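Q:
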DNA sequence: ACAATATATTAGTATATAATAATGTAATAA
DNA sequence: TTATTACATTATTATATACTAATATATTGT
């Protein structure tokens with residue numbers, strides 16, 4: 001039996017959020033649960049591609065799903081997921097501002 | 001010019017934390033700044049390997065550094081980095097508990 | 001100027017990830 | 001029972017990532 005260590009599990013969980021498409025999916029799900037078709041239509045992606053990304057996140061335990069007739073409805077299981085995306089955005093903004101800051105210094109007075 | 005879009009930048013930033021070795025490095029830096037040699041000795045990794053991971057995180061803007069003689073001291077630039085690791089650990093614990101929960105139900109009474 | 005030390009960079013290779021296309025499966029409708 | 005719809009899975013291929021080993025660079029001490 002090969003139980004991956006905690007750092008690896010933690011990394012895999014974070015990795016589940018480390019893709020632009022998966023971030024877009026999660027942001028869509030922030031507004032509530034959605035079926036697969038809504039997701040790929042909304043984001044203009046291939047059904048298969050979306051399905052694979054969903055299954056990856058499901059595997060990492062951050063998504064829940066339920067069948068509703070033909071549809072499969074997905075939702076984000078932990079609010080921490082949104083919190084992580086928000087924190088990343090904060091840092092991104094800070095980074096962008098600090099590089100812009102350098103530009104401003106150069107063009108100032 | 002190929003300016004990567006915001007979701008890609010956000011994903012790259014998160015990806016910088018999505019590796020067991022980089023998580024271990026950041027956890028070490030949680031206790032304060034460290035030189036490269038302290039890091040690779042402490043974590044029993046190759047200097048070159050650590051250097052590459054550091055440079056990746058530096059590139060994503062989450063690490064700061066300063067030269068001190070021969071040494072280069074690294075530190076984490078944003079507390080958000082630690083917050084993200086903490087949130088991921090929370091979810092990991094919840095996941096582990098919920099799977100253990102299933103086991104308990106099976107062995108109960 | 002030369003040696004030693006700390007770190008960075010590069011090249012090479014193995015492995016992982018992602019996208020597309022094709023096929024499979026399960027639920028409902030006719 | 002057959003067709004249709006929604007989704008999942010698999011195979012293939014391209015690209016990205018990570019590790020090791022080797023080499024380069026920069027700083028300090030002699």
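Chains as they are written, first to last, in my numbering: chain A, 1 to 109; chain B, 1 to 109. Cβ atoms here follow ideal geometry from the backbone N, Cα and C, with glycine treated the same way. Note that the coordinates shown come from a computational prediction; the quantities given were computed from them, not determined experimentally.
1) Quick one: using the 10 Å Cβ neighbour count with 16 as the cut-off for buried, is residue 71 (chain B) buried or exposed?
2) Using 8 Å for Cβ pairs, my map puts residue 11 (chain B) next to residue 39 (chain A). What's the rounded Cβ distance?
3) Which residue comes first and which comes last in the alpha helix (DSSP H) that contains residue 41 (chain A)?
4) Thinking just about the alpha-carbon of each residue, which of B:69, B:9, B:34, B:49 is nearest to the one in residue 20 (chain B)?
5) Is there a Cβ of chain B sitting closer than 7 Å to that of residue 54 (chain A), yes or no?
6) Are the C-beta atoms of residue 107 (chain A) and some chain B residue less than 7 Å apart?
7) Quick check on the DSSP output: the beta strand (DSSP E) that includes residue 63 (chain A) runs from which residue to which?
8) Assuming residue 88 (chain B) contacts residue 13 (chain A) under a Cβ cut-off of 8 Å, what Cβ separation, rounded to an integer in Å, is found between them?
9) Cα-Cα, which of A:73, A:52, A:27, A:4 is closest to residue 83 (chain A)?
10) Compile a chain-ordered list of the residues in the region 59 to 78 of chain A whose CB is closer than 9 Å to at least one CB of chain B.
11) Going by Cα to Cα distance, which pick from A:97, A:17, A:85, A:81 is closest to residue 94 (chain B)?
12) Hey, how far is the Cα of residue 99 (chain B) from the Cα of residue 56 (chain A)?
13) In whole angstroms, what separates the C-alpha of residue 25 (chain B) from that of residue 41 (chain A)?
14) Would you mind reading off the limits of the beta strand (DSSP E) that contains residue 74 (chain B)?
15) What is the residue span of the alpha helix (DSSP H) that residue 5 (chain B) lies within?
A: Per the coordinate set shown:
1) exposed
2) That pair is no contact at about 17 Å.
3) 36 to 43
4) B:49
5) no
6) Since pLDDT at residue 107 (chain A) reaches only 49, below the 50 mark, its modelled position is unreliable, and no value is offered.
7) 63 to 68
8) 5 Å
9) A:27
10) 60, 61, 62, 77, 78
11) A:81
12) 18 Å
13) 40 Å
14) 71 to 76
15) First-last for residue 5 (chain B): undefined, no H or E at that position.
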